[in-house]
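Heads up: the sequence shown begins at -17 in my numbering, then just goes up one per residue.
Glycine included, C-beta positions come from ideal geometry on N, C-alpha and C.
Remember, it's a predicted structure, so these values are computed and weren't measured experimentally.
Input: a single structure, listed below in structure tokens.
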Amino acid sequence: MGARNIIPVNRPSVPAHAKKYLDECVRSGWFSSEGPFVKRFENEFARYLGVKHAGATSSGTAALHLALLALGVGPGDEVILPAMTIASCYFAIWYTGAKAVPVDVDPETYCIDPDVIDRAVTKRTKVIMVVHLFGHPCDMDPIMMLAKKYKLKVLEDAAEAHGAEYKGRKVGSIGDIAIFSFYANKIVTTGEGGMVVSNTKTYIERVNKIKALNHSKTRFIHDGIGYTYLMSNMQAAVGLSSLEEIERSIARKRTMATLYRNQLSGISGLILPVEKSWATNVYWMYAVRMDPKAHLSRKKLIDLLMTKYGVQTRTFFYSPRTAFRKLQLFKTDRFPVAEALERRGFYLPSGLGNTNMEFIRTSHALQKLL
Ligand SMILES: Cc1ncc(COP(=O)(O)O)c(C=O)c1O
-17 MGARNIIPVN RPSVPAHAKK YLDECVRSGW FSSEGPFVKR FENEFARYLG VKHAGATSSG
43 TAALHLALLA LGVGPGDEVI LPAMTIASCY FAIWYTGAKA VPVDVDPETY CIDPDVIDRA
103 VTKRTKVIMV VHLFGHPCDM DPIMMLAKKY KLKVLEDAAE AHGAEYKGRK VGSIGDIAIF
163 SFYANKIVTT GEGGMVVSNT KTYIERVNKI KALNHSKTRF IHDGIGYTYL MSNMQAAVGL
223 SSLEEIERSI ARKRTMATLY RNQLSGISGL ILPVEKSWAT NVYWMYAVRM DPKAHLSRKK
283 LIDLLMTKYG VQTRTFFYSP RTAFRKLQLF KTDRFPVAEA LERRGFYLPS GLGNTNMEFI
343 RTSHALQKLL
């Protein structure tokens, strides 16, 4: 299989105005976080979501850390989070000295299961961190009700769900605070980068202060520990050009999902992603899972997809027990749904630069193999 024929899991697409805006950075000499694109990108992103305030950051992981600090999370606190997510969510909690308390996920949406959160709440719980996984929103109403009942804050991780909607509201605008990642494979990208958003002004003021060394009113006299979690003007320039295309990008993802669904529904052995009646899924990745009754193992299938058809796929995240076994953490915890997804889930080529032909070729390969 020649490299030319490989269908990558994520083929990037370059926004039309990226070069023009980057040229402006070069012409003006504004490369750092002080440049004008950062504010423009923050304002436009907040406007798109319908939230009041936004603070750009160096990554989604940094955004998670800052959002937790803005909420006042620290040693002795507990944060509830889903057992199927990227390690960034756990690491950000640990950076603050708080305890991460995973709970299992919903078997259809793969997002945090609202029905099991209740059992994980203790006197020390401060935050519920929800993750809108693979582009599908979490079921927010019961989560917000629980948060109200126990006086907890809700942090939405919308890194994978730019523009996804829950009952007509954009994810990232529902909880107390939210974060986004703009890593290269995200719907809006800055290459590397992130954003914290909130309707609470003090949260974003805290984020913006702590992300830039936590200076007090007197520069170089510090109110506490600070970081340099900043987004550069060049990253924001790319981000703004990418944000200009968000509607088209989401439409592209949804076309991809329709193509895959038309080609793949009815194939035995493969379970396709859902879109709940209350959700608009932006299909950041087209995430499928093997039916346990399939005649091939996942390993065999993804090996054959690559060796016979040149189709690259990627398996889901691991559950915390597997992901952190070298750290000797969560050794005895059990998350049956997340653990089944860890064994059976994988995603198909889903990039904004992938072509319809590539989606069809991938589907045909799956039809043949299954
Ligand atoms: C759900 C989720 N949260 C957080 C992050 C971390 O973002 P970043 O890679 O920008 O640090 C990612 C990854 O990209 C993610 O998928």
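Euclidean distance between Cα positions of residue i and residue j
i, j, result
"R303", "K313", "5 Å"
"G362", "G154", "This structure gives no information on residue 362, because the portion of the chain shown stretches from -17 to 352."
"K133", "M126", "10 Å"
"N196", "T39", "14 Å"
"A52", "H346", "48 Å"
"Y209", "M66", "28 Å"
"C93", "H47", "20 Å"
"T200", "Y185", "21 Å"
"I159", "A239", "29 Å"
"K108", "D59", "6 Å"
"G56", "A80", "5 Å"
"A370", "V8", "Not covered by the structure: residue 370. The range shown for the chain is -17 to 352."
"S180", "F19", "20 Å"
"K183", "H35", "6 Å"
"K247", "L128", "Here the sequence assigns Ser to residue 247, which means Lys is not the residue at that position. S247 and L128: Cα-Cα distance of roughly 36 Å."
"G335", "R(-7)", "5 Å"
"I342", "A49", "40 Å"
"V(-9)", "V293", "8 Å"
"R230", "I169", "10 Å"
"P124", "K1", "44 Å"
"L95", "A322", "According to the sequence shown, residue 95 is Asp rather than Leu. Each residue's alpha carbon lies about 15 Å from the other."
"E226", "E142", "18 Å"
"K290", "G251", "19 Å"
"G145", "P(-3)", "17 Å"
"G(-16)", "M288", "For G(-16), the predicted structure reports a pLDDT of 48, less than 50, and the residue's modelled location is therefore unreliable. A value from the coordinates is still provided. So the two alpha carbons sit approximately 11 Å from each other."
"L283", "A320", "20 Å"
"Q349", "A305", "32 Å"
"T172", "G37", "14 Å"
"P318", "R307", "17 Å"
"P331", "M267", "8 Å"
"K119", "N263", "In the sequence under discussion, the amino acid at residue 119 is Pro, which differs from the Lys named in the question. Answer to the nearest angstrom: the Cα atoms are 7 Å apart."
"G150", "A140", "15 Å"
"G327", "P89", "11 Å"
"Q245", "L352", "13 Å"
"T104", "G206", "28 Å"
"F162", "G117", "12 Å"
"N167", "S224", "12 Å"
"F299", "P84", "14 Å"
"T91", "L115", "8 Å"
"R271", "M216", "38 Å"
"N(-13)", "G333", "16 Å"
"N338", "R106", "49 Å"
"L286", "K152", "38 Å"
"I203", "E187", "17 Å"
"R243", "I228", "22 Å"
"I(-11)", "D100", "43 Å"
For residue j and residue i, believed in contact at Cβ under 8 Å, the rounded distance
i, j, result
"S15", "S214", "6 Å"
"A233", "Y329", "Contact doesn't hold; Cβ gap of about 20 Å is too wide."
"A219", "Y3", "4 Å"
"R236", "Y265", "6 Å"
"W42", "G221", "The identity of residue 42 in the sequence shown is Gly, whereas the question assumes Trp. The Cβ separation is near 13 Å, so there is no contact."
"A261", "E138", "With a Cβ gap of about 14 Å, A261 and E138 do not count as contacting."
"R354", "R325", "Any property of residue 354 remains undetermined from this structure, which presents the chain solely from -17 to 352."
"V178", "A45", "5 Å"
"L355", "M111", "Residue 355 lies beyond the range of the chain shown here (-17 to 352); nothing can be said about it."
Review point. Can you list, in chain order, the stretches of the alpha helix (DSSP H) that have 4 or more residues and sit fully within the stretch 288 to 347?
Key: Secondary structure in the stretch 288 to 347: the alpha helix (DSSP H) runs of 4 residues or longer, each lying completely within the stretch, are 302 to 305 and 318 to 326 in chain order.
Practice item. Could you tell me whether the stretch 67 to 82 touches the stretch 19 to 33, using the rule of 3 or more Cβ pairs below 8 Å? Key: Under the Cβ criterion (8 Å, minimum of three pairs), the stretch 67 to 82 does not count as touching the stretch 19 to 33.
Practice item. Tell me, please, whether the stretch 174 to 193 touches the stretch 65 to 74 by the rule of three or more beta-carbon pairs shorter than 8 Å. Key: With fewer than three CB-CB distances shorter than 8 Å, the stretch 174 to 193 does not count as touching the stretch 65 to 74.
Practice item. Please list the segments of the beta strand (DSSP E) lying wholly inside the stretch 16 to 99, counting only runs of 3 or more residues, in order along the chain. Key: Segments of the beta strand (DSSP E) lying fully in the stretch 16 to 99: 35 to 39, 60 to 64 and 81 to 85.
Review point. For the 8 Å Cβ check, are there 3 or more pairs between the stretch 247 to 263 and the stretch 309 to 325?
Key: No, because fewer than three Cβ pairs between the stretch 247 to 263 and the stretch 309 to 325 fall closer than 8 Å, the two stretches do not touch.
**Study point:** Complete runs of the alpha helix (DSSP H) confined to the stretch 183 to 235 [at least 4 residues]
**Key:** Here the runs fully enclosed are 183 to 192 and 215 to 225.
Point to revise | Those runs of the beta strand (DSSP E) which lie wholly inside the stretch 229 to 274 and span at least 3 residues | key: Inside the stretch 229 to 274, DSSP marks whole beta strand (DSSP E) runs of 3 or more residues at positions 268 to 272, from first to last along the chain.
Exercise for review: Would you mind listing the beta strand (DSSP E) stretches within the stretch 98 to 181 that are 3+ residues and don't spill past its ends, in chain order?
Suggested key: The stretch 98 to 181 contains these whole beta strand (DSSP E) runs: 107 to 113, 135 to 139, 159 to 163 and 176 to 180.
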